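Residues in the sequence shown are numbered from 9 upward in steps of one, following our numbering. See structure below.
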Amino acid sequence: MIRSFLIVSIFLIHGVLCFTQSMLPVQQDTTLFDYSGEVIFSGVADYQSTSIGKDITKRFFYGGFIDDEMKGASSGRQQLVNRFGIDINTDIEYRNHKLDFFKDSTTGYLLKYGFYNFSGIQYTEDVFDLLFFGNSSFIGDTAFLSGSQFSSYTFQKIGFGWFDKISKSSLTINAIGVHNSLSGVINKGELYQSASIDSVDFSLDAVYKSSNSQTFCGFGIALDLDYRFNMPKGDSEFIYFQLMAKNLGLVFMPDVKQSRIQGELAYDNYTINDLLNSQTLFQNTDETFGLFADTMEVQDNWRLLPAMLQFTKLIDRNSSQKLQGFYGARAYLSSSFMPMFFVGIDVHPIKRYRFGLQASYGGFSNLRWGMYSDLQFDKFSIGIASENLFSQTGESIIIRMSCAF
């Protein structure tokens, strides 16, 4: 566990990581649905970073050799504060448009299932060089690690809710089952190496938390809110907006293991042969971290889920305009994710087809470009999109399908 602390805090690629997001612009349609029900499926595979090249990330996914050219390119992109995140999502929803709970009611009901994870990492610019180049990059200098942190939640949910058949606003109450949770923070971390390589000082104060190994290590409840409203644009036209919250909830996690790693190492006139390559401290991390004090305790935790909040100007499906603009903002309840702002244009050249372009800034990355394509038939629709085209530090693909019956 100690050996992997710093490495996990940067990459956190420990399995299939899942969470949901919404790039495909939501289309507002206030007409009543012609069929009894519909099934909606969405899937997301996305990773993004401010600095780490996707050539390196792919090696962690698929295996392969990370050469000096890859490491050098990513090192050159490092900023004072860097971020890395992975989102992969599968989500399915059933909506019943015919069953009325009350006479003349416009309320339908929905069932929802999803499997999610949110994983985010924030780290200083020196962490990358220390992990990939060793302390050879800091001869006569200090590497600062303080403030670096990571978190990951993997959970699934099943929910029941209601929606308005005209406005399409909805509210869902979900039962949450947490599969695993990891988090860590380096409260203080510094490494100094003298210019003559005859002394090294390394201090560390870090906390690492991990859930128990049971199939479900926590349970809770969460709300999904999709509120649609409009503003008048003219005598008979409106501008539609969406305020959305996903996985807004609280979970209880028993028997969470918390480890605290503390200590200072000082090497004066250390064996020069052992420091010849200036990489000794990180050639054998087990031996290095074994010299620090490691205390562990088990405790129960209440935790907020990393909910997604998003505000969007929607696309009006009933509009006769061939071009429509959309814009919005997205945030997660996580310090690793910076608020993201996006703007785009939707093109509707023919009846059943539309496509669009998007630019966004923030999140786990900087400026990103996106594109989507959407086909609509009477009973079936499919959309495919990417929020991350032409980027050296990330990739994404988003699919959404619906089927009416």
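Ideal Cβ positions, reconstructed from N, Cα and C, are used throughout, including at glycine. Small disclaimer: the values here were computed from a predicted structure and weren't measured.
{"Asked": "Measure the alpha-carbon distance for L88 versus Y70 and round it to whole angstroms.", "Found": "29 Å"}
{"Asked": "Distance, Cα to Cα, D308 vs Q384?", "Found": "49 Å"}
{"Asked": "For S44, which three-state DSSP category applies?", "Found": "coil"}
{"Asked": "To the nearest angstrom, how far is the alpha carbon of F49 from that of D302?", "Found": "45 Å"}
{"Asked": "To which residues of the same chain is N255 closer than 6 Å at the C-beta, ignoring the five residues directly before and after it?", "Found": "A230, L313 and A315"}
{"Asked": "In angstroms, rounded to a whole number, what distance separates the CA positions of Q266 and S219?", "Found": "9 Å"}
{"Asked": "If you reduce the DSSP assignment to three classes, tell me which class T65 lands in.", "Found": "helix"}
{"Asked": "Since I believe Q201 is in contact with F146 (beta carbons under 8 Å), could you give me their beta-carbon distance rounded to a whole number of angstroms?", "Found": "5 Å"}
{"Asked": "Report all residues from its chain with a CB closer than 6 Å to the CB of T162; omit the five preceding and five following residues, and keep chain order.", "Found": "N125, H187 and N188"}
{"Asked": "Which partner residues does D75 have in the DSSP bridge list?", "Found": "Answer is none; D75 lacks a bridge partner."}
{"Asked": "Is DSSP giving I245 helix, strand or coil here?", "Found": "In the sequence on display, residue 245 carries Glu and not Ile. Note: E245 maps to coil in three-state DSSP."}
{"Asked": "Any contact between the stretch 189 to 198 and the stretch 148 to 158? By contact I mean 3 or more CB pairs, one from each, below 8 Å.", "Found": "yes"}
{"Asked": "Thinking C-beta only, is G364 closer than 8 Å to V351?", "Found": "no"}
{"Asked": "So, are the CB atoms of R67 and I60 less than 8 Å apart?", "Found": "no"}
{"Asked": "To test your reading of the DSSP string, which unbroken beta strand (DSSP E) runs of 3 or more residues are found completely within the stretch 110 to 165?", "Found": "115 to 132 and 149 to 152"}
{"Asked": "Between A412 and chain B, is the shortest Cβ-Cβ distance under 8 Å, so that the two count as touching?", "Found": "Of the protein chains in this structure there is only one, and it is not chain B."}
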